[in-house]
Amino acid sequence: MTNLQSLRGMIDLLPSQAERWQKVEALARNHFRRAGLGEIRTPLIEHTELFSRGIGETTDVVGKEMYSFIDRGDRSCTLRPEGTASVVRSVIQNGLLSQGPQRLWYMGPMFRYERPQAGRQRQFHQIGAEFFGLSSEISDAEIISIAWDFLNDLGLQELTLEINSLGTTEDRKKYRENLVAWLENFSEQLDDQSLKQLKQNPLRILDSKKAHIQELLNGAPMIGEVLCQRSQDRFLNIQSILNSLGIPFTINQKLVRGLDYYCHTAFEITSKQLGAQATVCGGGRYDGLVEQLGGPATPSIGWAIGLERLLILLSEDYFKKEVPEVYIVNKGCKAQIEALKLARDLRKSNFLVDIDYSGSAFSKQFKRANRSNASWAVVIGDQELLQKEVRLKSLKGETIDPGEHFVKISDLNQIIERLRS
RNA sequence: GCGGGCGUCGCCAAGUGGUUAAGGCAGCGGCUUGUGGCGCCGCUAUUCGGGGGUUCGACUCCCCUCGCUCGCCCCA
4 MTNLQSLRGM IDLLPSQAER WQKVEALARN HFRRAGLGEI RTPLIEHTEL
54 FSRGIGETTD VVGKEMYSFI DRGDRSCTLR PEGTASVVRS VIQNGLLSQG
104 PQRLWYMGPM FRYERPQAGR QRQFHQIGAE FFGLSSEISD AEIISIAWDF
154 LNDLGLQELT LEINSLGTTE DRKKYRENLV AWLENFSEQL DDQSLKQLKQ
204 NPLRILDSKK AHIQELLNGA PMIGEVLCQR SQDRFLNIQS ILNSLGIPFT
254 INQKLVRGLD YYCHTAFEIT SKQLGAQATV CGGGRYDGLV EQLGGPATPS
304 IGWAIGLERL LILLSEDYFK KEVPEVYIVN KGCKAQIEAL KLARDLRKSN
354 FLVDIDYSGS AFSKQFKRAN RSNASWAVVI GDQELLQKEV RLKSLKGETI
404 DPGEHFVKIS DLNQIIERLR S
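Each step along the first sequence adds one to the number in our numbering, with nothing skipped, and position 164 is 167.
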């Protein structure tokens, strides 16, 4: 490698792609605005401790995927691997929780040191929503519905919403014991991977992709069986609200999610079109996290959408390329200055304007004008300068010569009027 | 971190040991020194991701390295 390249798993977004991103981002903003959420922007770098305490020491994200470094003040810092911990920190630090429930959203890059593959980069982007101070089942359903509506508004097909309940901390602890006890009877059938997980994070075995493990699990105890009455009621209530909203879902008792902080509701929206990294949106309730990070006990729930994956799902024809409305054909130094002046004026009036810089033959410039898909060519050359005019020529329509208009260059209003006709 | 596939012009792509590395798109110039969409003609890789080796000779074989890609792990 002689030339400098971007770091592995960190990609450039070129104009054609950036346009697509902007469209998706704008739609997300629109959905959040209508749902009354406020934007929060937190730093990309935090104390390492925020993530190790917030996400969980035993998770892979913390254990082997963080971009950490020691800064010049001898602090251990980490590029955020996800958004929730930072938002929780901010909400505590800035005292927002004493101002009533908070309904927030964020958007931006996250960093995880993993091996890149389809829909997974080391610098990737998430859009997320978080509710604080709301414990009602309605809030679970609402935040899910915001994600669901947004994804559907993008025209995505074949989305599946899966939900599960992880219950309270006690429920989860009890289930963990049951599951470990049961799995230990079959330890000879478990592979190295699962045996390791059995010690560190047994619930994770549930979403193993290995067929023989899944087969074995068919007989395993499920978390639904150990949920306390309140947890069960809560889960049933959410299902009935989702039904009322007409949002289709399936219950997946093996859906546990990787981060330590989840409790009660856990959910995922997946797409079959994505291959191995199928999760577009993942989230859940994390009632204990705020307190764990030093804030007041606060019920909380949130989700995150992976933008790279989302963009994979959007078909090409969802994005229409923006095209210049006006292409200014010109020749000569003086004409070029006039062209730029006119371009500025037209842009102030919201026209999309391209100027030809080549100085080449008019026939060439017209070819380019035509290829740019502009509706109008505006011609400024020696003759026009002499007459203090511009020539407006329509590039649309079947005929090659649909007529031209000469307008005084000083009469901007008339130029605009013609272009709008 | 582990395993499989791949890397030839801005993009797509032929070539798989032997004289000048096809072709298409895009770009530039011309046919037409001031008027477009078609057509025709020309130009555009001293070089095959990078480095080393084998060979009289390598884009083609071997090794290393970088990157991409698919899967595992994990997650959005």
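Glycine residues also receive a C-beta, built at the ideal position from the N, C-alpha and C atoms.
- Residue 358 is bridged by DSSP to 331.
- For residue 74, the number of other beta carbons within 10 angstroms of its own is below 16, and it is reported as exposed.
- In the DSSP assignment, residue 416 falls within the alpha helix (DSSP H) that extends over 415-423.
- Ranked by Cα distance from residue 308, the options 196, 123, 355 and 67 are led by 123.
- Check the Cα spacing between residue 204 and each of 182, 115, 266 and 390: the tightest is with 182.
- Around the beta carbon of residue 234, 16 or more other beta carbons sit within 10 angstroms, so the residue counts as buried.
- The C-alpha of residue 341 is placed about 21 Å away from the C-alpha of residue 373.
- Contact check for residue 49 and residue 108: beta-carbon distance about 19 Å, past the 8 Å limit, so the pair fails to qualify.
- With 16 or more other Cβ atoms inside 10 Å of its own Cβ, residue 216 counts as buried.
- A distance below 7 Å between beta-carbons, with the five flanking residues on each side excluded, links residue 39 to the following residues of its chain, in chain order: 106.
- With a 10 Å radius around the Cβ and a threshold of 16 neighbouring Cβ atoms, residue 254 comes out exposed.
- Contact fails between the segment 145-163 and the segment 175-189, because fewer than three Cβ pairs, one in each stretch, are under 8 Å apart.
- A Cβ-Cβ contact shorter than 9 Å links residue 304 with residue 287.
- Close CB contacts of residue 289 within its chain, under the 6 Å cut and outside five residues either way in sequence, are with 264, 265 and 303 (chain order).
- For the pair residue 333 and residue 358, the CB atoms are nearer than the 9 Å cut-off.
- Here residue 109 carries a strand assignment [DSSP, helix/strand/coil].
- Counted as a single uninterrupted DSSP element, the beta strand (DSSP E) harbouring residue 309 occupies residues 303-309.
- A check of alpha carbon separations from residue 349 across 415, 92 and 176 identifies 415 as the nearest.
- Under the DSSP assignment, residue 374 falls outside any beta strand (DSSP E), being part of the alpha helix (DSSP H) whose first and last residues are 365-374.
- DSSP places residue 266 within a strand segment (E or B) once states are collapsed to three.
- With fewer than 16 other beta carbons inside 10 angstroms of its own, residue 326 counts as exposed.
- Between residue 355 and residue 130, the C-beta spacing is not below 9 Å.
- With a cutoff of 9 Å on beta-carbon distance, residue 169 and residue 272 are scored as not near each other.
- Inside the segment 48-84, DSSP marks whole alpha helix (DSSP H) runs of 4 or more residues at positions 51-58 and 63-67, from first to last along the chain.
- Spatial neighbours of residue 338 in its own chain (CB-CB distance under 8 Å, excluding positions within 5 residues in sequence) are listed in chain order as 383, 384, 385, 387 and 388.
- In this structure, the beta-carbon distance from residue 87 to residue 209 does not fall below 9 Å.
- The bridge partners DSSP lists for residue 408 are 395.
- About 4 Å separates the beta carbons of residue 45 and residue 89, which is inside the 8 Å limit, making them a contact pair.
- Check the Cα spacing between residue 276 and each of 318, 329, 128 and 285: the tightest is with 318.
- Taking the CA atoms as reference points, residue 252 sits about 56 Å from residue 343.
- Beta-bridge partners assigned by DSSP to residue 168: 268.
- Following the DSSP letters along the chain, one finds residue 383 inside the beta strand (DSSP E) bounded by residues 379-383.
- Of the other Cβ atoms in all chains shown, 16 or more fall within 10 Å of the Cβ of residue 133; this residue is therefore buried.
- With fewer than 16 other CB atoms across the displayed protein chains lying within 10 angstroms of its CB, residue 52 is exposed.
- Bounds of the beta strand (DSSP E) holding residue 130 are 126-135.
- Residue range 282-288 is occupied by the beta strand (DSSP E) that includes residue 284.
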